[in-house]
Amino acid sequence: MPKLFAAKTLLLAAAVTGALGATSDSKAQADEQFIPALVYRSGPYAPNGIPFANGYADYLTLINERDGGINGVKIAFEECETGYATDRGVECYERLKSRGPTGAAAFSPLSTGITYALTEKVSADKIPLITMGYGRSESVDGSVFMWNFPLLGTYWDAADVLIQHIGNLNGGLDKLKGKKIALVYHDSPYGKEPIPLLQERARRHGFELMTIPVTHPGVEQKAAWLQIRQARPDYVLLWGWGVMNSTAIKEAVAVNYPRDHMYGVWWAGAEPDVLPAGADAKGYNALALQHSAGQTSVHADILKYVYGKGKGAGEKDEVGQVLYNRGMINAMLLVESIRTAQGKYGKKPLTGEQVRWGIENLNLDQKRISQVGMAGMLQPFKVSCHDHAGAHHARIHQWDGTKWVFASGWIEADQGVIRPMVDAAATKYAKEKNLTRRDCGGN
Amino acid sequence: MFYREAGQFKTTYRADQAVFPIRQDQIFIVVWLAVGFFLVPLISSEYLLRAILIPFLILALAALGLNLLVGYCGQLSLGTGGFMAVGAYAAYNLCVRIPQLNPLIAFLLAGGVATLVGIGFGIPSLRIKGYYLAVATLAAQFFLDWVFSRVAWFTNNTPSGSISAPPVTLFRFTFDTPVRKYLLCLAFLVLFAAIAKNLVRGRIGRAWMATRDMDVAAEIIGIRPMYAKLSAFAISSFVIGVAGGLWAFVHLGSWEPLAFDVNRSFSILFMVIIGGLGSILGSILGAAFITVLPLMLNQLPEWLGVPISTAMISNLETMTFGSLIVFFLIVEPLGLARLWRIAKEKMRLWPFPY
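For the protein sequence lines, the chains are L and W, in the order given.
Numbered continuously in my numbering, the first sequence closes out at residue 1465.
Numbered continuously in my numbering, the second sequence closes out at residue 729.
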């Protein structure tokens, strides 16, 4: 037995050393642009992580299959599983950051916790961080957060749009006085992010804000909803992710809280959130980050060039779901940024630093949005050094029991409220880290 | 043959009481230290240092601290994550509130804070033991978690609850590159391993082990259980607190309370159990097993060139890792350190086992 064991150990050791030797065999070739993807396809956040990852992967495959890459530069693409855990996310970042001939183009960790952990690392490594609709709210200020891009809006924008919408329903923001609004949030940097804005709004308009934390991963919410049953807030804002969202809707049913008075953030407004609750989820509202579910001409291309060739990352009938579309838009924004940067640096694989310039100078007009086949999914927007988000508006969509339908027009987050908070928070960060503000010039 | 101590005569008591009485062991440890301090920094890639070796060294330090308590003194603790958090937040607050304080000194002071908290939560151990003590320390874990995510003062009123650490410096020398960070962590681990080794050989360690083996008997031969148990909690918490500070400042850089949740406590306890209870080497081997193995399993399909989907890899990783834990516990319930000891015994006799 011991001999056998020793032999086995030796074999294992040999296998491992052999494997270690083989690491240098990288998939990326000299003329490819490497794009990393931090995904979570397992664990409690997988129901939401999977469609996003599929949309991201499929769009990049589409660019390779249909166009032969970005202006002829093929995309090399690799996933790394984070499980939504910050330490694994950092490990994945280290693993992927220097792949390919020019290193990683940009990271989109799809986790506010990982975003916080990477914020300082990316500025040292000169790789941009695209946090589309999540991440640190103050990173809108590009003069301090040079490498962070919370494209299409932050949580402060989201919370502001929701409060404005609730104000509109009540006939004006001043009518909110005396009302009670509860925030049920994931107890992590993600869930805590909207609180400062909601407090500011509560102070201005005189509504009462209740904050109710839910511990990770959010399958146990009885205590939170008991509080809601006792206090009966007029509205409930839901800042959840993964299984927490569907659990929250089920708990709302259990305590008989009206679903049409619940408003989710854009990460709590997709099919995996409402489907488990079945017909009871009817009437539930959530923000839509520009787009909702549905298909446009880009989906037809994906079905033809990607799924038609058997290269799809997921199931064919999931193409066009809310989170699938969001992953796809995330990939599209990165691809368009690389295209913008190629205009300046040439049609070759670009470094993270060059891609950063591309993101900062990204200007998507209506024509370009139609060209990429996403007409109607998002509004034209322009990123600048001063404003790293580019857009600050959203719509509300409502679950009618079978599909999402828009329940409001475009609402623009009030930058008069948000910008002073951004400036204060960014200045505080700069002071803590001894950073000097970059001069943004005219824009 | 290679590992024979024949001909090595001890002529003084001092030589007989050395930490490594066998010459081969002395050579061995010097070689390992040389590899650790000189060879590894030279040949390692940034990924290896940052994502594997630095977390491994820091968690080995935490496992070492916990092993003093669980392995040597027999007091089961599930509060390791909480005590690491105490170290991390204490170091952060000391640095933020006293800006001229050097972070390295802050780590040691933070270890002191963790010591006080550890003694506080160690008091129940005077009355309860075994599983009941595990539950009491679990309460400490949840309480500390709650404190750091709810009391805004500890996070310097950061709205998101995520804080970032100032750089670690020593006389204008900044520990910023992966190699420097690695050497800092290695130095801490070697220092504390040496201290721990000498502690457990001495009066305090013997008192701990007597308490672990039979507390009534220990009391009868004149060991004060209060002193033995609380000193174990104190020293263990100190080491764990320093490890927490390193984990936050050197490895993570920016963190949230979730970084020190109950899963951290469990994984460190598993390191101690799998590595070997009551063994300094075991803490290090256990930490290597728990931190490095999952990452290797995760990347193995890619190294071998087998295309498997990301979801499948991560499920396989969990399954293989779980079955390996079971396998090792069945093959050697006393831990990896015991396997090493058996190997050593065999090497001393080889090639003539009889």
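Heads up, the beta-carbon is just placed ideally off N, CA and C, and yes, glycines get one too.
Treat the numbers as computed from the prediction; the structure is a model and nothing was measured.
Checklist entry - Quick one: what's Leu1118/L bridged to in DSSP? => result BP columns for Leu1118/L are empty, so no partner.
Checklist entry - What are the start and end residues of the alpha helix (DSSP H) that includes Phe458/W? => result Thr455 to Arg472
Next on the checklist: Would you say Asn690/W lies against chain L (beta-carbon separation less than 8 Å)?
Outcome noted: yes
Checklist entry - Residues in its own chain within less than 7 Å of Val1328/L by CB, not counting five upstream and five downstream? => result Asp1080, Thr1083, Leu1084, Glu1087 and Gly1334
Checklist entry - So is Ala603/W buried or exposed if we call it buried at 16+ other beta carbons inside 10 Å? => result buried
Next on the checklist: Tell me which residue opens and which closes the beta strand (DSSP E) that His1419/L is part of.
Outcome noted: His1415 to Trp1421
Checklist entry - According to DSSP, which residues form a beta bridge with Leu1386/L? => result Phe1403/L
Checklist entry - Under a CB-based cut-off of 8 Å, is Gly462/W close to chain L? => result no
Next on the checklist: Please list, in chain order, the chain W residues whose beta carbon lies closer than 8 Å to that of Glu1101/L.
Outcome noted: Thr685
Item to check | CA-to-CA distance, Val1341/L to Val1061/L, given in whole angstroms | outcome: 18 Å
Next on the checklist: Going by DSSP in three states, Met1232/L sits in which element: helix, strand or coil?
Outcome noted: strand
Checklist entry - Under three-state DSSP, which class holds Glu1434/L? => result strand
Next on the checklist: Applying the 10 Å Cβ sphere with the 16-neighbour rule, what's the burial state of Tyr507/W?
Outcome noted: exposed
Next on the checklist: Between which residues of its own chain and Ala571/W is the CB-CB distance below 7 Å, once the five residues before and five after are set aside?
Outcome noted: Leu439, Leu443 and Ile655
Checklist entry - Along chain W, in chain order, which residues have C-beta atoms closer than 9 Å to that of Asp1209/L? => result Ser524, Gly536, Pro632 and Leu633
Checklist entry - Out of Pro541/W, Pro669/W, Ser535/W and Asn468/W, which has the shortest C-alpha to C-alpha gap to Leu484/W? => result Asn468/W
Checklist entry - Between which two residues does the alpha helix (DSSP H) harbouring Lys1244/L extend? => result Lys1244 to Ala1253
Item to check | Buried/exposed call for Met1399/L, threshold 16 Cβ in 10 Å | outcome: buried
Item to check | Same chain, Cβ closer than 6 Å to Gly1336/L, five either side skipped, listed in chain order | outcome: Asn1076
Next on the checklist: If contacts are defined as beta-carbon pairs under 8 Å, then Gly661/W and Leu709/W qualify, I think. What distance do you get, rounded to the angstrom?
Outcome noted: 12 Å between Cβ atoms; not a contact.
Checklist entry - Is it true that the CB of Leu1309/L sits closer than 8 Å to the CB of Gly1291/L? => result yes
Checklist entry - Is Lys1214/L helix, strand or coil when you go by DSSP? => result helix
Checklist entry - What span of residues does the beta strand (DSSP E) with Tyr447/W cover, start to end? => result First-last for Tyr447/W: undefined, no H or E at that position.
Checklist entry - For Ser1048/L, which three-state DSSP category applies? => result Any reading at Ser1048/L must be qualified, since the residue scores a pLDDT of 42, below 50, and its modelled position is unreliable; no value is offered.
Checklist entry - Helix, strand or coil: how does DSSP classify Met1284/L here? => result strand
Item to check | Inter-residue Cα distance where the pair is Ser1165/L and Pro1150/L | outcome: 14 Å
Checklist entry - Can you round the beta-carbon distance between Tyr1285/L and Leu1260/L to whole angstroms, since I take them to be within the 8 Å contact cut? => result 7 Å
Checklist entry - Cβ of Gly628/W less than 8 Å from any chain B Cβ? => result Of the chains in the structure shown, none is chain B; the protein chains are L and W.
Item to check | With 16 other Cβ atoms within 10 Å as the buried cut-off, status of Gly1043/L | outcome: Below a pLDDT of 50, predicted positions are generally treated as unreliable, and Gly1043/L, at 37, falls in that range; the measurement from the model is reported next regardless. Its Cβ having fewer than 16 others within 10 Å, Gly1043/L is exposed.
Checklist entry - Hey, does Arg1063/L have any beta-carbon neighbour from chain W nearer than 8 Å? => result yes
Checklist entry - Below 8 Å between beta carbons: does that hold for Gly1157/L and Thr1137/L? => result yes
Checklist entry - Counting only beta-carbon atoms, is Leu670/W nearer than 8 Å to chain L? => result yes
Checklist entry - Below 8 Å between beta carbons: does that hold for Ala1301/L and Gly1380/L? => result no
Checklist entry - Checking contacts by CB at 8 Å: is Ser642/W closer than that to chain L? => result no
Checklist entry - What residues are listed by DSSP as bridge partners for Gln1055/L? => result Ile1097/L
Item to check | Thr1141/L vs Val1162/L beta-carbon contact at 8 Å | outcome: no
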